[in-house]
């Protein structure tokens, strides 16, 4: 299994509170991704990083921010959580992002976040 | 909480049968494709990938077929086992981009 650890694995919080999810990798991969997974929508990209301090928005980035201060850690922050952000959040890593050297993304086991 | 598997198309097979899971993609510029397996409560697990310069690739008990003419991808699982029961996703990468687009998935149910 790819060395990816997500924390916490489960969290329940209240609307309006800030929440930070952590993804830690031991593979030294350049690319890291945050997704959310909801019934009927599949996996949707929130933000991704292509290097330390280099990030870009995905399909559903509103209400989320990210930071990557070192290769191994990628943080996802919900500044003021809303009930619509209740979801399962997955982190993924990849050696390369595209082009002729495509490599697959490998996923962590997710964080189940409930916002009441 | 609600399972990701609800509302998905479902394929039900008997143990020992061969299974075929299909996926249509929409972007003709996609040049890399991946199949993932997701078991309940876990993250997607890489199964097999294929690049657009190939039309078939085989792994252990799995084969991926790519038909670029009709933009169709399939995953064949030989001698399906109860442990193969899961949701299966295809994903595509558009050439030059660093991200994947995922299909919504198919649930495979294997009866002993």
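Protein chains in written order, with this note's numbering: chain U, -12 to 103; chain L, 5 to 116.
Backbone N, C-alpha and C fix where the C-beta goes; we use that ideal spot for every residue, glycine too.
(1) CB-CB under 6 Å to residue 32 of chain L, same chain, minus the five flanking residues each way: which ones, in chain order?
(2) Answer with yes or no whether the minimum CB distance from residue 53 of chain L to chain U is below 7 Å.
(3) Could you tell me whether the Cβ of residue 111 of chain L comes closer than 7 Å to any Cβ of chain U?
(4) Name the two residues that bound the continuous beta strand (DSSP E) containing residue 11 of chain U.
(5) Hey, is residue 25 of chain L's beta-carbon within less than 7 Å of any beta-carbon in chain U?
(6) If you pair each beta-carbon of the segment 96 to 116 of chain L with each one of the segment 11 to 26 of chain L, do three or more pairs fall below 8 Å?
(7) Considering just the uninterrupted stretch of the beta strand (DSSP E) at residue 95 of chain L, what are its terminal residues?
(8) Pull the bridge partners of residue 18 of chain U from the DSSP assignment, please.
(9) Taking all protein chains shown into account, do 16 or more other C-beta atoms lie within 10 angstroms of the C-beta of residue 91 of chain U, making it buried, or fewer, making it exposed?
(10) Let me know if residue 7 of chain L comes out buried or exposed under the rule of 16 or more other beta-carbons within 10 Å of its beta-carbon.
(11) Whose Cβ in chain L lies nearer than 7 Å to the Cβ of residue 97 of chain U?
Straight from the coordinates:
(1) Walking along the second chain from the start, residue 32 of chain L turns up at place 28. Non-local beta-carbon contacts of residue 32 of chain L in its own chain, meaning distances under 6 Å to residues more than five positions away in sequence, are absent.
(2) Position 49 of the second chain, counted from the start, is the residue given in the question as residue 53 of chain L. Yes - at least one Cβ of chain U is within 7 Å of the one on residue 53 of chain L.
(3) Taking the second chain and counting its residues from 1, the one referred to as residue 111 of chain L is at position 107. Closer than 7 Å: no.
(4) Here residue 11 of chain U is taken as the residue at index 24 of the first chain, counted from 1. Run containing residue 11 of chain U: 6 to 12, per the beta strand (DSSP E) assignment.
(5) Position 21 of the second chain holds residue 25 of chain L. With a threshold of 7 Å between beta carbons, residue 25 of chain L makes no contact with chain U.
(6) Taking 8 Å as the limit for Cβ pairs, the verdict is that the segment 11 to 26 of chain L does touch the segment 96 to 116 of chain L.
(7) Taking the second chain and counting its residues from 1, the one referred to as residue 95 of chain L is at position 91. Its beta strand (DSSP E) spans residues 90 to 98.
(8) Against the first chain, residue 18 of chain U aligns to sequence position 31. Answer is U/81.
(9) For the purposes of this step, residue 91 of chain U is taken as the residue at position 104 of the first chain. Around the beta carbon of residue 91 of chain U, a 10 Å sphere encloses 16 or more other beta carbons of the protein chains shown; the residue is thus reported as buried.
(10) Here the question's residue 7 of chain L lines up with position 3 in the second chain. At residue 7 of chain L, the pLDDT of 45 sits below 50, so the modelled position is not reliable and the matter cannot be decided from this model.
(11) As a first step, residue 97 of chain U must be located in the first chain, where it is residue number 110. Those are 47, listed as they occur along chain L.
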